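Trainee: Residue numbers (my numbering), protein chains in the order written: chain S, 228 to 326; chain W, 775 to 1044.
C-beta atoms are modelled at their ideal positions from N, C-alpha and C, and glycine is treated no differently.
Small disclaimer: the values here were computed from a predicted structure and weren't measured.
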Amino acid sequence: MLTSKTYLAKSNDIAARTLGDETIIMSTIDSTIFMLNPTGTVIWDAADGNTPLSRIIEEKVCAEFDVRVEQAAEDAQQFVDELAAHGILVVSEEPISPQ
Amino acid sequence: MKLQDGVEDHEVVIEIGGIPIALQTTDSGFVSLLKGRYRDYIKAETNPDFTFRVELIAPDTFNPEDDVEVWFENGEWRLERGDFRVTWSQESREGLIRQTANPYSIDSVLRITHTLLLARAGGFLLHASSAVRNGNAYLFCGLSEAGKTTIARLAPSDVALLTDEASYVRRVSDQYVAYGTPFAGELGEPGKNISAPIAAVYLLKKAPENRIESVEPAEAVRRLLRNILFFAHDAELVRLVFESACAFVSEVPVYQLSFFPDERVWELIG
């Protein structure tokens, strides 16, 4: 469950590039490729290890897209779970220092 | 050249993509095989960038079921598959190939070696046929059955084929250049040993009619990456290949080519 204490950081084991309003990410461990849509790209760009996900949703996602906070949080949960499962995103209940 | 024990040593230099690689062996039959298979790519009087000694081994020396594995260890690249074992040092520019006397093993070793060299030079090998028309190169990209060989077979007489299987892409000066390769697919013929600046990449899709559509940059990168030949378990090189694909797409237009397999498709090319 995502809370105001959920922090996100990008894994070191990836290569990523934002092209247009989409982001392509490749795992340097197994070469798996992920494509992020514009909403995912906003979350990805803001995943600095210090900004709580709840703030990313309120101040970035809901500000840029016509979506309610509850719906955005539900979508973000799915997004974060999937990327975390592949080791693309690091998730923590504490701020994450750069590795 | 004579070795100490009186056995004659032979050297064949095969230059693909402007990179000459020498293969040394004492087996004259294997030399004949190399000279036949790579005839248009053999360079005499050239100082090779890399030299490999080829030691021929008996079949079933290794487990033939072993999949390809490529990794860097103790300053050397190691390439292994059920039919070969290779070690080579980028520093000393020398290596040893142990393989059975067949053309497919050396073909694979050369392909993998070039993917490693290209990764540090902003280039790559792509699952694509390619051809030169009016001084420009066009790449036709896709996995098996996508139509790479079909497009090559349908090419009119003013088109020079570079390959129907693995396209060689290098960054040269300020542009991307495609080189001919001896790496053949179903066509069974080596490509012409020429090069040209790349004008476009077409992602192939068989369809009832011919149509060209643009592809968004991120999607173009994703589909190119799916088709880039790269085998090494090496995070740094994987990152470089990723960056190369992104840089390539920022300079070379990528289209989807839906095509009906007859000669009319070439009316859209070049």
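Are Phe836 (chain W) and Gly856 (chain W) closer than 7 angstroms when you measure CB to CB?
Mentor: The count along the second sequence starts at 1 and reaches residue 836 (chain W) at position 62. The count along the second sequence starts at 1 and reaches residue 856 (chain W) at position 82. Yes, the pair counts as a contact, with Cβ atoms nearer than the cut-off.
Trainee: Under 7 angstroms between beta-carbons, which chain W residues line up against Gly247 (chain S)? List them in chain order, please.
Mentor: Here residue 247 (chain S) corresponds to residue number 20 of the first sequence, with the count starting at 1. Chain-ordered, the chain W residues with CB closer than 7 angstroms to the CB of Gly247 (chain S) read Glu990, Pro991 and Ala992.
Trainee: Do the CB positions of Phe1034 (chain W) and Glu983 (chain W) come within less than 7 angstroms of each other?
Mentor: Residue numbering aside, residue 1034 (chain W) sits at position 260 when the second sequence is read from its first letter. Residue numbering aside, residue 983 (chain W) sits at position 209 when the second sequence is read from its first letter. Contact: yes.
Trainee: The segment 260–294 of chain S: which residues have C-beta closer than 7 angstroms to a C-beta of chain W, in chain order?
Mentor: Ile260 and Met262
Trainee: Taking Thr268 (chain S) as the reference, give the member of S:Val318, S:Glu249, S:Thr233 and S:Ala300 with the closest Cα.
Mentor: Sequence index remark: in the first sequence, residue 268 (chain S) carries index 41 (1-based). Closest by alpha carbon: S:Glu249.
Trainee: Pair every Cβ in the segment 990–1010 of chain W with every Cβ in the segment 922–929 of chain W, then say whether three or more of these pairs are closer than 8 angstroms.
Mentor: no
Trainee: Identify whether His313 (chain S) lies in helix, strand or coil by the three-state DSSP scheme.
Mentor: Position 86 of the first sequence, counted from the start, is the residue given in the question as residue 313 (chain S). Looking at His313 (chain S) - three-state DSSP - the assignment turns out to be coil, as it is neither helix nor strand.
Trainee: Does DSSP put Pro991 (chain W) in a helix, a strand or coil?
Mentor: Within the second sequence, numbered from 1, the residue matching residue 991 (chain W) stands at position 217. In this structure, Pro991 (chain W) counts as helix in the three-state DSSP scheme.
Trainee: Could you name the residues of chain W that Asp308 (chain S) contacts, counting a contact when the two beta carbons are closer than 9 angstroms?
Mentor: Start at 1 with the first residue of the first sequence, and residue 308 (chain S) comes out as number 81. In chain order: nothing, as chain W lies at least about 22 angstroms away.
Trainee: Leaving out five residues on either side along the sequence, give the residues of the same chain with a beta carbon under 6 angstroms from the beta carbon of Thr233 (chain S).
Mentor: Here residue 233 (chain S) corresponds to residue number 6 of the first sequence, with the count starting at 1. If we look at Thr233 (chain S) and ignore the five residues flanking it on each side, its Cβ neighbours are Leu280.
Trainee: Within the present structure, is the beta-carbon of Val1015 (chain W) separated from the nearest heavy atom of the ligand NAP by less than 6 angstroms?
Mentor: What this structure holds is no ligand at all, so the ligand NAP is not there to describe.
Trainee: Check whether chain W comes within 7 angstroms of Ile315 (chain S), counting only Cβ atoms and requiring the distance to be less than that.
Mentor: Taking the first residue of the first sequence as position 1, residue 315 (chain S) is located at position 88. Ile315 (chain S) does not count as touching chain W.
Trainee: Does the beta carbon of Ile252 (chain S) sit closer than 7 angstroms to a beta carbon anywhere in chain W?
Mentor: The count along the first sequence starts at 1 and reaches residue 252 (chain S) at position 25. Taking Cβ atoms only, chain W never reaches closer than 7 angstroms to Ile252 (chain S), which makes this a no.
Trainee: So, with DSSP's three-state summary, where would you put Lys809 (chain W)?
Mentor: Walking along the second sequence from the start, residue 809 (chain W) turns up at place 35. Correct three-state label for Lys809 (chain W): helix.
Trainee: Comparing C-alpha positions only, which one of W:Tyr953, W:Ala905 and W:Asp948 sits nearest to Pro930 (chain W)?
Mentor: Counted from its first residue, the second sequence places residue 930 (chain W) at position 156. Pro930 (chain W) has its Cα closest to that of W:Ala905, out of W:Tyr953, W:Ala905 and W:Asp948.
Trainee: Let me see if you follow: with CB-CB separation under 7 angstroms, is Ala236 (chain S) close to chain W or not?
Mentor: Position 9 of the first sequence holds residue 236 (chain S). Taking Cβ atoms only, chain W never reaches closer than 7 angstroms to Ala236 (chain S), which makes this a no.
Trainee: Would Ala818 (chain W) be called buried (16 or more neighbouring beta carbons within 10 Å of its own) or exposed?
Mentor: Counting from 1 along the second sequence, the entry for residue 818 (chain W) is found at position 44. The residue is exposed, with fewer than 16 neighbouring Cβ atoms inside 10 Å.
Trainee: For Arg1013 (chain W), go through chain S and note every residue whose CB falls closer than 7 angstroms to its CB, in chain order.
Mentor: Position 239 of the second sequence, counted from the first residue, corresponds to residue 1013 (chain W). Identification of chain S residues near Arg1013 (chain W) by a Cβ-Cβ cut-off of 7 angstroms yields Ala242 and Thr255, ordered along the chain.
Trainee: I need the DSSP call for Phe772 (chain W), collapsed to helix, strand or coil.
Mentor: Coverage of chain W is limited to positions 775 through 1044, which leaves residue 772 (chain W) absent and any answer about it impossible.
Trainee: Can you pull the DSSP bridge partners for Asp275 (chain S)?
Mentor: In the first sequence, the residue the question calls residue 275 (chain S) occupies position 48. Answer is S:Ala236, bridged to Asp275 (chain S).
Trainee: Could you give the residue range of the alpha helix (DSSP H) that holds Ile925 (chain W)?
Mentor: Translated into the one-based positions of the second sequence, residue 925 (chain W) becomes position 151. First-last of the alpha helix (DSSP H) with Ile925 (chain W): Lys922 to Arg927.
Trainee: Which partner residues of Cys915 (chain W) appear in the DSSP bridge assignment?
Mentor: On the second sequence, position 141 is the one that residue 915 (chain W) refers to. The partner list for Cys915 (chain W) (beta bridge, DSSP) reads W:Ala902 and W:Leu977.
Trainee: Within 7 angstroms (strictly less), CB to CB, does Cys1020 (chain W) reach chain S?
Mentor: Counting from one through the second sequence, the residue named residue 1020 (chain W) turns up at place 246. Chain S contact via Cβ: present.
Trainee: Using beta-carbon positions only, say whether Leu978 (chain W) and Gly916 (chain W) come within less than 7 angstroms of one another.
Mentor: For this step, residue 978 (chain W) is matched to residue 204 along the second sequence. For this step, residue 916 (chain W) is matched to residue 142 along the second sequence. Yes, they are a contact pair.
Trainee: 7 angstroms is my cut-off, CB to CB: does Ala1009 (chain W) come that close to chain S?
Mentor: The residue you call residue 1009 (chain W) lines up with position 235 of the second sequence. It does; some Cβ of chain S falls within 7 angstroms.
Trainee: Under the rule that 16 or more other beta-carbon atoms within 10 Å means buried, what is Asn264 (chain S), buried or exposed?
Mentor: Working through the first sequence from its first residue, we reach residue 264 (chain S) at position 37. So Asn264 (chain S) counts as exposed.
Trainee: Between the segment 919–939 of chain W and chain S, which residues of the former have a C-beta closer than 8 angstroms to a C-beta of the latter?
Mentor: none
Trainee: Can you check which of these residues, W:Val1015, W:Val842 and W:Glu829, is closest to Met253 (chain S) by C-alpha distance?
Mentor: Locating residue 253 (chain S) in the first sequence gives position 26, counting from the first residue. Minimum Cα distance to Met253 (chain S) is reached at W:Val1015.
Trainee: Show which residues of chain W have a CB atom less than 7 angstroms away from the CB atom of Ser319 (chain S).
Mentor: Working through the first sequence from its first residue, we reach residue 319 (chain S) at position 92. Going along chain W, no residue has its Cβ under 7 angstroms from Ser319 (chain S), so there is no contact; the nearest lies around 23 angstroms.
Trainee: Might you give, ordered along the chain, the residues of its own chain that have their beta carbon closer than 7 angstroms to the beta carbon of Ala274 (chain S), omitting 5 neighbours on each side?
Mentor: Numbered from its first residue, the first sequence carries residue 274 (chain S) at position 47. Same-chain partners within the cutoff: Leu235, Ala236, Lys237 and Leu316.
Trainee: Consult DSSP for His1007 (chain W) and reduce its assignment to one of helix, strand or coil.
Mentor: Position 233 of the second sequence, counting from 1, holds the residue named residue 1007 (chain W). Coil, per DSSP.
Trainee: Give me whichever residues DSSP pairs with Tyr950 (chain W) in a beta bridge.
Mentor: On the second sequence, residue 950 (chain W) is found 176 positions in, with the first residue counted as 1. Its beta-bridge partners are W:Arg945.
Trainee: Is Val787 (chain W) helix, strand or coil by DSSP?
Mentor: The count along the second sequence starts at 1 and reaches residue 787 (chain W) at position 13. Correct three-state label for Val787 (chain W): strand.
Trainee: Strictly below 9 angstroms CB to CB, what residues from chain S border Leu999 (chain W)?
Mentor: Within the second sequence, the letter at position 225 stands for residue 999 (chain W). Correct list: Ile251, Met253, Ser258 and Ile260.
Trainee: Among residues of its own chain, excluding the 5 on either side of Phe846 (chain W), which ones have a beta-carbon nearer than 6 angstroms to its beta-carbon?
Mentor: Walking along the second sequence from the start, residue 846 (chain W) turns up at place 72. These residues qualify, in order along the chain: Asp1008.
Trainee: What residues are listed by DSSP as bridge partners for Arg985 (chain W)?
Mentor: Residue 985 (chain W) sits at position 211 when you count from the first residue of the second sequence. Paired residues: W:Ser1032.
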